[in-house]
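In the numbering used here, the protein residues as written are 24 to 236.
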């Protein structure tokens with residue numbers, strides 16, 4: 024049975040490599056903005072998106088496959104009302120990346136990652152999510168621009184990758200580091216094992232080693 028990662032994210036590819044060696048990549052292109060308008064909560068949004076991605080990848084596959092799909096969003100809480108906050112996705116350009124990081128600096132935000140594991144032959148799937156929190160240091164425009172100029176974070180929800188940032192930028196994080204990066208490995212490992220997939224034993228240390236602080 025082949026395993027398919029339904030994402031072109033190099034970060035998700037790296038995380039999945041910590042668990043297993045053999046898998047292929049097949050991307051699912053979706054209009055994610057339309058889903059945001061229909062979801063009532065962040066967890067509903069990321070789980071629905073991950074399931075839809077998995078089902079789209081499954082289309083026209085003949086061989087039995089196990090598909091892993093995921094979606095990550097950043098949520099910045101709104102102090103003015105009781106809504107679940109502002110969804111921050113991937114920046115459309117470097118100017119937007121700058122604006123996003125100006126919003127995040129000096130504040131806490133939440134990172135939600137939903138994932139789906141789907142067996143195409145048995146028509147079985149499992150969907151779940153994990154939430155973590157990230158606290159940014161207060162940052163000036165020069166610090167923000169230095170990061171943007173070096174890493175060009177246009178493919179990252181929230182316009183950053185935590186593994187690219189030092190203590191100069193990140194005060195602390197709470198929860199699963201792999202969730203923040205884009206794939207909740209703690210939960211994914213248990214699901215893969217239920218589907219009969221053997222995973223490597225040293226993945227937790229490899230995730231920790233990604234951090235610069």
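We put the beta carbon where it would ideally sit given N, CA and C, even for glycine.
These numbers were taken from a predicted model, which means no experiment stands behind them.
DSSP-derived helix/strand/coil call for residue 30: In the three-state scheme derived from DSSP, where H, G and I count as helix and E and B as strand, residue 30 is classed as coil.
Integer Cβ distance of residue 212 from residue 42, believed to fall under 8 Å: Their Cβ separation, rounded to whole angstroms, is 7 Å, which keeps residue 212 and residue 42 in contact under 8 Å.
Spatial neighbours of residue 66 in its chain, beta-carbon cut-off 8 Å, leaving aside the 5 residues before and after: Cβ within range, chain order: 135, 137, 152 and 154.
Beta-carbon contacts of residue 194 that lie in its chain and below 8 Å, excluding the five residues immediately before and after: These residues qualify, in order along the chain: 158, 159 and 160.
Three-state class that DSSP yields for residue 88 in the structure shown: Note: residue 88 maps to strand in three-state DSSP.
Cβ-Cβ distance between residue 204 and residue 196 below 8 Å: No, the Cβ-Cβ distance between residue 204 and residue 196 is not below 8 Å.
Contact under 8 Å by Cβ, residue 162 with residue 81: Against a cut-off of 8 Å, the Cβ pair of residue 81 and residue 162 comes out as no contact.
Pairwise C-alpha distance: residue 35 and residue 206: Cα to Cα, residue 206 sits roughly 6 Å from residue 35.
Identity of the residue in 214, 200 and 223 nearest residue 235 by Cα: In terms of CA proximity to residue 235, 200 leads the group 214, 200 and 223.
Residues sharing a beta bridge with residue 142, DSSP: Residue pairing from DSSP places residue 142 in a beta bridge opposite 89 and 147.
Range covered by the beta strand (DSSP E) that runs through residue 194: Residues 193 to 197.
8 Å Cβ cutoff met for residue 111 and residue 99: In terms of Cβ geometry, residue 111 and residue 99 form a close pair [threshold 8 Å].
Distance, residue 91 Cα to residue 25 Cα: Taking the straight line from one Cα to the other gives about 11 Å.
Option in 97, 40, 88 and 61 with minimal Cα separation from residue 126: Per the Cα distances, 97.
As assigned by DSSP and simplified to three states, the class of residue 203: Helix at residue 203.
With 16 other Cβ atoms within 10 Å as the buried cut-off, status of residue 33: With fewer than 16 other Cβ atoms within 10 Å, it is exposed.
Candidates 145, 89, 230 and 220: closest to residue 185 by CA position: Ranking the options by Cα distance to residue 185, first place goes to 230.
For residue 149, the nearest candidate out of 217, 118, 119 and 59 (CA to CA): By alpha-carbon distance to residue 149, the top candidate from 217, 118, 119 and 59 is 217.
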